[in-house]
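S.K.:
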Amino acid sequence: SRPVRIAPSILSADFSKLGEEIRAIDAAGADYIHIDVMDGHFVPNITLGAPIVKALRPHTEKTFDTHLMISPVDPFLDDFAAAGCDIITIHPEAGPHSHRTVQHIKSLGKKAGIVLNPATPASTVDYLMDMVDLILVMSVNPGFGGQSFIMNQLDKIRELRAKIDASGREIDLQVDGGINFDTAPLAIEAGANVLVAGTATFVGGPEKYAENIRRLRGD
Ligand code: DX5
Ligand code: ZN
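First residue of the sequence shown: 2, per UniProt numbering; consecutive thereafter.
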């Protein structure tokens, strides 16, 4: 079976000491650092922007997996690339030309991800399969941590796993929202290889991070 990577979402970290929190989840075995960028317009919440990503960059060498929930998104891609993001993931609804947006991310030398909201069909990625490095299935409506996993997204994960295998390309299949010790095995079984987890990583405080990450991975 394929290796499972864990991407803690820093949305659930203590924002007053983000550098320390990132060093802690790095040491605890996080594979990617998932950074949720929200603008209060595309989603009903505001989090952080490129200056904070830049300030966090020296605290870890782990992959910065940046989930942009902002509209418009195109004018900010250069800033996020320069701030040190490794993967930049965009919502097709955040601009009129998702193909062009993905091209733009690739031209910056970064890995590009496309994210599908719960009501957005798997076929949205069909004509992007030759370019994307990551496909993210939202198993909650984006905007907040701590929501419940929407079970019918498991079908979409299976559908996307088949598309990825058929493509012959190395594309991460990531799931984000409501991942916990009960839902993680379901997402893995459906074909996901990267699990985003906010609440479930940070629950119990720093002395629990390593155990939480291990349990999510299924070790
Ligand atoms: C939601 C974000 C998620 C969120 C997940 O819009 O994209 O990354 O932090 O939080 P949990 O794991 O608590 O559902
Ligand atoms: Zn996210």
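Idealized CB from N, CA, C, for every residue including glycine.
Put asparagine 100 into one of helix, strand or coil per three-state DSSP.
M.R.: According to the sequence shown, residue 100 is histidine rather than asparagine. Helix, per DSSP.
S.K.: Does at least one heavy atom of the ligand ZN sit under 7 Å from the Cβ of valine 44?
M.R.: No, the beta carbon of valine 44 sits no closer than 7 Å to any heavy atom of the ligand ZN.
S.K.: Excluding the five sequence neighbours on either side, which residues of its own chain have a C-beta within less than 6 Å of the C-beta of phenylalanine 43, listed in chain order?
M.R.: Cβ neighbours of phenylalanine 43 beyond the five flanking positions: Met70, Ile71, Ser72, Ala95.
S.K.: Out of Asn181, Ile136, Pro207, state which residue places its alpha-carbon closest to the alpha-carbon of threonine 67.
M.R.: Nearest of Asn181, Ile136, Pro207 to threonine 67, Cα basis: Ile136.
S.K.: Looking at the structure shown, is threonine 200 part of a helix, part of a strand, or coil, going by DSSP?
M.R.: Helix, per DSSP.
S.K.: Please list, following the chain, all residues that have a C-beta closer than 5 Å to any non-hydrogen atom of the ligand ZN.
M.R.: So the residues near the ligand ZN by this Cβ test are Asp37, His68, Asp177.
S.K.: Considering only their Cβ atoms, is the gap separating leucine 174 from asparagine 194 smaller than 8 Å?
M.R.: In this structure, leucine 174 lies closer than 8 Å to asparagine 194 by Cβ.
S.K.: Rank Ile26, Lys18, Ser17 by C-alpha distance to the C-alpha of valine 8 and give the top, closest one.
M.R.: The amino acid occupying residue 8 in the given sequence is alanine; valine does not appear at that position. Closest option to alanine 8, Cα to Cα, is Ile26.
S.K.: Taking the alpha-carbon of valine 54 as reference, which of Asn46, Ile34, Gly41 has the nearest alpha-carbon?
M.R.: Nearest of Asn46, Ile34, Gly41 to valine 54, Cα basis: Ile34.
S.K.: Proline 59: buried (16+ other C-beta within 10 angstroms of its C-beta) or exposed?
M.R.: Exposed, since its Cβ has fewer than 16 Cβ neighbours within 10 Å.
S.K.: Among Ser13, Gln104, Ala28, whose alpha-carbon lies nearest the alpha-carbon of threonine 48?
M.R.: Checked all of Ser13, Gln104, Ala28; the closest Cα to threonine 48 is Ser13.
S.K.: Just the C-alpha distance for glycine 144 and glycine 50, rounded to the nearest angstrom, thanks.
M.R.: Distance between the alpha carbons of glycine 144 and glycine 50: 15 Å.
S.K.: Would you mind listing the alpha helix (DSSP H) stretches within the region 135-211 that are 4+ residues and don't spill past its ends, in chain order?
M.R.: The qualifying runs are 154-168, 185-191, 200-203.
S.K.: One question on the structure: do isoleucine 89 and alanine 82 come within less than 8 Å of each other, judged by their Cβ atoms?
M.R.: Cβ atoms of isoleucine 89 and alanine 82: closer than 8 Å.
S.K.: Mind checking whether valine 141 and glycine 178 have CB atoms under 8 Å apart?
M.R.: Cβ distance < 8 Å, so valine 141 and glycine 178 count as in contact.
S.K.: Kindly list the residues whose CB is nearer than 8 Å to the CB of alanine 201, restricted to its own chain and excluding five residues on each side of it in sequence; keep chain order.
M.R.: Correct list, in chain order: Ile180, Asn181, Phe182, Ala185, Asn213, Leu217.
S.K.: Taking all protein chains shown into account, do 16 or more other C-beta atoms lie within 10 angstroms of the C-beta of tyrosine 210, making it buried, or fewer, making it exposed?
M.R.: Burial call: buried.
S.K.: Is the distance from the Cβ of arginine 215 to the Cβ of glycine 192 below 8 Å?
M.R.: The answer is no: Cβ separation not under 8 Å.
S.K.: Should methionine 152 go down as buried or exposed, given a rule of 16 or more other Cβ atoms within 10 Å for buried?
M.R.: Looking at its Cβ environment, which holds fewer than 16 other Cβ atoms inside 10 Å, methionine 152 is exposed.
S.K.: Name, in chain order, the residues that DSSP records as bridge partners for proline 9.
M.R.: Paired residues: Ala198.
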